[in-house]
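In this note's numbering, the protein residues as written are 7 to 1177.
A virtual CB, placed ideally from N, CA and C, is assigned to each residue, including glycine.
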């Protein structure tokens, strides 16, 4: 493997002497390699790997970093062996390289007593804690009704948020408050600040309040856009007499109004803006009959309509007077006091209930870590005071490395700073352009705001071809800005092409625009089918990509291709169906509906029937299933004979053998269900019914078996919760289905197979693929959360609609409108960053698939307002999909001519950066697959059939020799001697295994492995068994569990024994020597009778000799034994004597030297036994 060569900017990040470093690393810039190399340099300077805290975003990333550090250390050791590097390799297995949750969990386990936690706490299953939350919310509401029903503020709050039929909407607001502040360091402090802010706003000028400032920011962007729209229209009108007479007065009046509004905003005059908007009356466009350039006239009318529409929206936003705003703030504060108090009450109850059950959820892990590490926190300045525990913990680490910092939340940020002496020992890497986890309350602003002594950039891209890099840069120079995306996409943020691809083999980025087909066809289906056929065409025609290993160009394979989409929750099944129809193998990374699978619903119906056989639907489903295979006719006859009552009663009265057999089995299962845990009951049912085999014989059998095994594992997980038994399991599943919980199904293919991968953009983050096909671009951005009555924001506080309970009128408030605007802006910024992540996954080929419902969608690109080469943020915010963003940018590119021909848009200048192949595809142009006709049925070959029959009827003449094996192991011979049967020993499968603890046999194997790999010469000299165990774990000869099973005292007794001392001074030691020797079958007692008819029959005996050492003129042979011994060892010697005799024969034949002594060394007795 060639040594990595780092660029100057990478080398600066690696070798920067300060420990306080912020690195802004672009996509494909090799940030993981830089982080690993910086760690290695610190180790070479004398540092210890276990004194570096390295935190990554996922477990896979943590494993990857650990593996890369291990490889780098081994490479350094190979070049320059030294004790320090060897020690680092040993320490690596326990080095703190983890996710934030993993690290915090270890911190909690080490400090449980300080936090008041049970020493045996566990992380609750999300579905378990979800059910617990729902129960507690119900209890909370009942208790507040009971205690505060006469309290007017509480009654008012319920009436304020509840709907006519029930109070679910009120409870949803309480939930929204609780969920919204989960990652805030000072939750209750934030709620108090929100109430204080609302009270303060009533006393302040509107545009000086947090809500007013947000309103002014939004209005300023809108007015900038409208001014550009008006002035573009005026430019198109000028010079045309008819247009000037008909349209110019209206456009000029709009321009004057917009300029006045901008001036009033800049002066902070809310009332002036309110009055000007309220009094604005648009001048009408005059009739323009017989005008020839209808396309231009239509564009101008469309533009003017857009101006009026947006001014109307601003009028609505600024409709409250300053007095009404003040009153609204006080009214909201009044109801929020109750809602916030209930949210705090719920959190205390939830924490108490979890503590009673000894469980935590994932939010608790970071919350308790924060309590342990942070004494005081100021949410506005971000300053914090670490606890004494934090100072002590920080002393353990010379440096703290954090990857993907742009995806941290405020709570995690506080934890990291407390552990790094306020950031003085913090090396953190991130890229705001790839921050796409706001739904987990990640705050990209934290990375932008967080300061360090040194700020460095990694802009070189080693992943993608120049065609991809240039295309990404072109698009995001036009689209991304501080207002949309939170980044100024300038020279410092642009990707720099540094990969070593041959530019002659570059291909343009494909943009396939599917034009309307004249039918009411499903857009998603049309896009997906086009993408599937494009993929198949790539593979069938052998389009080229570069081989990762050889570096040479080769035909593309399915495994080189990924299909990405922003969201596949509702479309994954459709896409999977299309891929199957197009005969494209695929691996889907999208959870599917597990409980709706036929094999799962069958077992669940049986479990429900066991719990309560009086449920007709589940009983009949069970009887009709492959488990019991009753026909509809049989079931109809049973019901016809007994028309009244539950079907179970009719079944009991039926009296036929099938019914009786089912009832006997059901009775057995019901008895077992009363005493067995659900996982053991399920395992018994699988074995008793043979359903795993039955399901395996069905279509997609391997997938069905895997799903059934998954159900068993889910049952095992359920038994680790606070719920127990069959009834609770069924109730648990019902609650999951009601609350929309998910269980992942098994997969038909491994992700390592030659298959196309189907995944969401979020799943693809951190990955790279030779070919990326991006679909779902025309799907509208999801803004459902912006319709909620109540909204929360960490910087603005909270807002809600007000209700006139007498007139039953609901109206928006300025606080809610401001929070909505901010959340919408942040949501769209994240959408743009998500698009950036999607496009930067591609290494060589990028295909974008867009569909249009009608050509009017393209007409929205008839004018693209720009400023300094960048599309105005509000124009982009007013678009509703990725497709509209991409097409708008492409309209400004040289290769966007096909789009401009449709829209008539003529930009002042065209960009030539990058290459795009923009294709407008009409239905008749879409690829149609060519299916080969099915081959005709082959004629029946009677001669071949007769030959097959003869072969099947053949009887082997020496039947007794069939019992003589061609090969047998020494341990099998011992089993035959003891029991008369061969035994098959398998490693325990994970499936149907309840415990992860080692069995006695596995503990014995661990002792054998230690004796096999241990450096005995060093051990005899140093007696450091613990150190040797650490070395073997570090070198991955033993697992940590196996090392824990090795009894060091017993090893030390062996080393001190005469056999151990003789072994240590021997000139030649053989350990774990494998052998195969041929023996006449007649000489082996167990097979002598069967082999009597064939004196030449031979059996190959194979085995593994534990240990032998040369002493004098011969070998001393011995075997380690961990068997339990109840006498002086004579029985053990007798049991293993035949085995050692075979070992002696093998050793004698292989070495040509005699065996002078034979022993068993019993760890149980602590001495050798002559044999």
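Nonlocal neighbours in the same chain, by C-beta distance under 7 Å from residue i, ignoring five residues either side
i, result
"residue 711", "698, 701 and 702"
"residue 20", "12, 40, 43, 44 and 47"
"residue 822", "797, 805, 806 and 807"
"residue 193", "187"
"residue 127", "118, 364, 365 and 366"
"residue 348", "146, 150 and 180"
Residue i versus residue j: straight-line alpha-carbon distance, rounded
i, j, result
"residue 504", "residue 889", "29 Å"
"residue 398", "residue 181", "37 Å"
"residue 1033", "residue 111", "27 Å"
"residue 500", "residue 609", "55 Å"
"residue 913", "residue 516", "22 Å"
"residue 663", "residue 669", "10 Å"
"residue 33", "residue 1054", "50 Å"
"residue 543", "residue 474", "21 Å"
"residue 466", "residue 560", "26 Å"
"residue 389", "residue 383", "6 Å"
"residue 36", "residue 15", "11 Å"
"residue 361", "residue 370", "11 Å"
"residue 425", "residue 79", "26 Å"
"residue 58", "residue 400", "10 Å"
Other residues of its chain near residue i: CB distance less than 6 Å, five sequence neighbours each side excluded
i, result
"residue 341", "163 and 166"
"residue 546", "none"
"residue 224", "827"
"residue 374", "114 and 121"
"residue 239", "257, 306 and 309"
"residue 447", "189 and 415"
Burial state of residue i, where buried means 16 or more other Cβ atoms lie within 10 Å
i, result
"residue 905", "buried"
"residue 326", "buried"
"residue 461", "exposed"
"residue 64", "exposed"
"residue 788", "exposed"
"residue 440", "buried"
"residue 339", "buried"
"residue 346", "buried"
"residue 1166", "buried"
"residue 216", "buried"
"residue 365", "buried"
"residue 433", "buried"
Beta-carbon contacts of residue i that lie in its chain and below 8 Å, excluding the five residues immediately before and after
i, result
"residue 74", "38, 39 and 42"
"residue 1161", "1114, 1120, 1121, 1122, 1123, 1150, 1153 and 1154"
"residue 518", "536, 540, 853, 854, 855, 856, 925 and 927"
"residue 621", "614 and 615"
Inter-residue CB distance, residue i and residue j (contact presumed, cutoff 8 Å)
i, j, result
"residue 536", "residue 920", "Not confirmed; about 23 Å, so no contact."
"residue 843", "residue 771", "6 Å"
"residue 227", "residue 489", "7 Å"
"residue 1109", "residue 1148", "7 Å"
"residue 573", "residue 766", "6 Å"
"residue 507", "residue 472", "7 Å"
Strand pairing of residue i, partner residues [DSSP]
i, result
"residue 366", "129"
"residue 1109", "1081"
"residue 560", "551"
"residue 1114", "1076 and 1123"
"residue 503", "467"
"residue 876", "873"
"residue 516", "853 and 923"
"residue 809", "816"
"residue 31", "464"
Chain B contact for residue i (CB, 8 Å cutoff)
i, result
"residue 1159", "Among the protein chains of the structure shown there is no chain B, as only one such chain exists."
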